[in-house]
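Trainee: Next up is a structure, given as structure tokens.
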Amino acid sequence: MNWIILVIAGLFEVGWALGLKYTEGFTKLWPSVFTIAAIIISMGLLGLAMRTLPVGTAYAVWTGIGIVGTAIAGVFLLGEPVGAVRVASILLILTGIAGLKLSASA
71 MNWIILVIAG
81 LFEVGWALGL
91 KYTEGFTKLW
101 PSVFTIAAII
111 ISMGLLGLAM
121 RTLPVGTAYA
131 VWTGIGIVGT
141 AIAGVFLLGE
151 PVGAVRVASI
161 LLILTGIAGL
171 KLSASA
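Just so you know, my numbering puts 141 at position 71 of the sequence shown, and the rest follows in order with no gaps.
Written out as structure tokens, the structure is:
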């Protein structure tokens, strides 16, 4: 169950990372409110997941989900460029996340 909580926390991290783009330096009210709410939810869920998961693994998986999700969303939602190096880098991060998950289960 804590792995599911951690994945949801990572998805909220993607949400707040993207939300930062729309706050325009926290000068826009509603994007700022939603971004701050996503930060609080993401951190809260991360804290819950860390009750039983190793801190290093949980934090690395959480940030990895955020990195990969934000990079993919940037390509599809914001028109950021995609190339072989970007795809390879995302795959390397995913490999690292899977490795950490497997090592925490052992």
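Even for Gly, the Cβ is constructed at its ideal location relative to N, Cα and C.
Quick one: is Ile167 buried, meaning 16 or more other Cβ sit within 10 Å of its Cβ, or exposed?
Mentor: Buried is the call here.
Trainee: Out of Glu150, Ala154 and Ala128, which has the shortest C-alpha to C-alpha gap to Ala174?
Mentor: Comparing Cα positions, the closest option is Ala128.
Trainee: Which residues in the same chain as Leu118 place their Cβ atom closer than 6 Å to its Cβ, once the five residues preceding and following it in sequence are excluded?
Mentor: Correct list, in chain order: Ile75.
Trainee: Across the segment 73-87 and the segment 99-108, are there enough close Cβ pairs to call them in contact, namely three or more that are closer than 8 Å?
Mentor: Yes: at least three Cβ pairs fall under 8 Å.
Trainee: Would you decide whether Phe82 is buried or exposed? Buried here means 16 or more other CB atoms lie within 10 Å of its CB.
Mentor: Buried.
Trainee: When the Cβ atoms of the segment 148-168 are set against those of the segment 121-135, are three or more pairs found closer than 8 Å?
Mentor: Judged by Cβ distances under 8 Å, the segment 148-168 makes contact with the segment 121-135, as three or more pairs qualify.
Trainee: For a cutoff of 8 Å on Cβ pairs, would you count Ile111 as touching chain C?
Mentor: No chain C is part of this structure, which consists of one protein chain only.
Trainee: Please report how far the alpha carbon of Lys91 lies from the alpha carbon of Leu172, in whole angstroms.
Mentor: About 34 Å.
Trainee: Could you have a look at Thr97 and say whether DSSP puts it in helix, strand or coil?
Mentor: Coil.
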